[in-house]
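Residue numbers for the sequence shown follow this note's numbering, so the first one is 171 and each next one is one higher.
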Amino acid sequence: TKYHWMFNDDSLSNTDNKKLNYVDELLDNLEIIDNKLSDIKEKDYELIQYFYLRTIIYYLLFSCKKVPKNKIYSSYSKMFSWLDKKEINYSKNKYLSIIENNGEQTSVKWIIHIFLLLRKLHLIRVFLYIFSKI
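Right under this line is the structure:
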């Protein structure tokens with residue numbers, strides 16, 4: 171059996187999810203997940219925090235195309251405020267390691283690292299604006 175994957179820019183998943191229209195819903199769902207995983211938090215909260223960070227970065231990059239810069243900036247601020255509230259320590263999270271094999275694709279790790287570096291250098295807003303125009 172063969173599977174033939176096709177990317178369709180006009181599909182519901184590629185039109186309805188774009189434009190950063192679901193920031194509040196995303197954060198609400200992440201909060202629900204965080205509350206439900208309270209038992210696991212003690213064991214490996216770093217993995218959960220990595221999942222939050224990865225999900226938010228993916229959503230920002232996937233959904234910011236052709237979005238006005240004010241909406242990009244407010245969405246970015248809102249999502250990273252939520253992450254900051256969770257006290258994620260980006261520099262110490264073992265799942266962010268590029269060297270260590272933790273099952274994540276190397277390209278994904280690099281995207282996250284570059285995103286966080288741009289954020290640290292206070293260049294992320296400029297990057298997101300340019301990226302949204304591509």
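From the three backbone atoms N, C-alpha and C, an ideal C-beta is built for every residue, glycine too. Predicted, not measured: the structure shown is a model, and the values here were computed from it.
Note that the C-beta distance between R289 and Y243 is not below 8 Å. Burial check for Q275: the Cβ neighbour count within 10 Å stays below 16, so the residue is exposed.
By the Cβ-count criterion, W280 is exposed, with fewer than 16 other Cβ atoms from all chains shown falling within 10 Å of its own Cβ. Taking C-beta atoms as the reference points, L217 and Y265 count as a pair closer than 8 Å. I258 has its alpha-carbon roughly 19 Å from the corresponding atom of V193. Excluding the 5 residues flanking it on each side, Y220 has same chain C-beta neighbours closer than 7 Å at N263, Y265, L266, in chain order.
A direct Cα-Cα distance of roughly 31 Å separates N205 from I269. The DSSP assignment places complete alpha helix (DSSP H) segments of no fewer than 4 residues inside the segment 192 to 232 at 193 to 206, in order along the chain. Excluding its 5 nearest sequence neighbours in each direction, I282 has C-beta neighbours in its own chain below 8 Å: L223, R224, I227, L266, listed in chain order. In its chain, beyond the 5 residues on either side, I218 have a beta carbon closer than 8 Å to the beta carbon of L207. Shown here, V278 sits in a helix according to DSSP, grouped into three states.
Between the C-alpha atoms of S233 and V278 there is a straight-line separation of about 17 Å.
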